[in-house]
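Before any comments, here is the structure.
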Amino acid sequence: MSFYKKVFNEKFGVWHPQAVVMGQPVPVKQVAKRLSQMCTVTYADVMAVLGELPGVMADYMSQGKSVRLDGLGTFRYTLHTKGVTEEEDFDFQKQLRAVRVQFVPQREGAVTKGSTATRSLVPTGIEWLPYDTALQEEEETGGSTEPGGTEPGSGDEDSFG
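So in my numbering, spot 64 of the sequence shown is number 103, and the numbers just go up one at a time.
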């Protein structure tokens with residue numbers, strides 16, 4: 040089950056639901072353990088592959104390619120830059136602020152107008168429950184007994200669109 044909380048957007052004067060992330064991120068060791076239980080590959084083999092995956096992806100993306108992982112999505116580099124008004128002032132190194140990785144989840148189903156497509160990482164039938172704000176208040180005051188606490192989600196209504 041997933042959780043949401045009500046958030047007021049002062050700029051637009053509207054209330055909207057925002058996903059709430061519970062606790063700490065799941066560590067790669069826990070993911071590897073679960074994957075090894077689901078198939079014939081050992082835990083050590085899964086850890087070895089997951090450990091090398093970021094470097095391999097970075098190598099391909101540095102060659103100007105995107106990387107598609109079937110069932111997951113596509114990764115590619117994007118640039119955060121500062122623009123200039125005159126072409127003669129163009130200087131890539133001075134304008135570059137950051138290199139980022141963009142992730143686009145894989146779509147499943149038809150992508151023609153009027154048909155429905157879903158993201159493979161977003162299953163249908165997610166059970167959404169309102170987040171108990173008392174738990175959040177406890178976390179903010181340090182009175183929580185649960186390890187990890189909560190992290191709010193991105194909150195952008197358009198994040199998944």
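Here a beta-carbon is modelled for each residue, glycine too, at the ideal position from N, C-alpha and C.
Subject >> Per-residue DSSP class, three states only, for G112 >> reply: strand
Subject >> Residue range of the beta strand (DSSP E) that includes M61 >> reply: 53-61
Original post:
Any idea if F114 is buried or exposed, counting beta-carbon neighbours within 10 angstroms, 16 or more meaning buried?
Top reply: buried
Original post:
Between S41 and E127, what straight-line distance do the alpha-carbon atoms span, to the nearest angstrom?
Top reply: Going from the Cα of S41 to the Cα of E127 covers about 51 Å.
Original post:
What are the boundary residues of the alpha helix (DSSP H) that includes K133?
Top reply: 131-134
Original post:
Leaving out the 5 sequence neighbours to the left and right, which residues in its chain are closer than 7 Å to V67 when beta-carbon positions are compared?
Top reply: L89
Subject >> Reference Q132, options Q141, T120, R139, closest by Cα >> reply: T120
Subject >> Distance between beta carbons of Q76 and L111, contact taken as under 8 Å >> reply: The Cβ separation is near 19 Å, so there is no contact.
**OP:** Kindly indicate which residue of V138, M100, R107 has the alpha-carbon position closest to the one of L118.
**Re:** V138
Original post:
For P56, which option in G122, Y43, P162 has the closest C-alpha, if you only look at C-alpha atoms?
Top reply: Checking every option, the nearest Cα to that of P56 belongs to Y43.
Original post:
Closer than 7 Å, CB to CB, is T163 near chain C or not?
Top reply: Absent here is chain C; the protein component of the structure consists of one chain.
Original post:
Since V123 is in the alpha helix (DSSP H), which residue starts that stretch and which ends it?
Top reply: Note, V123: premise wrong, no alpha helix (DSSP H); not H, not E.
Original post:
For Y116, which of Y170, F142, F129 has the nearest alpha-carbon?
Top reply: F142
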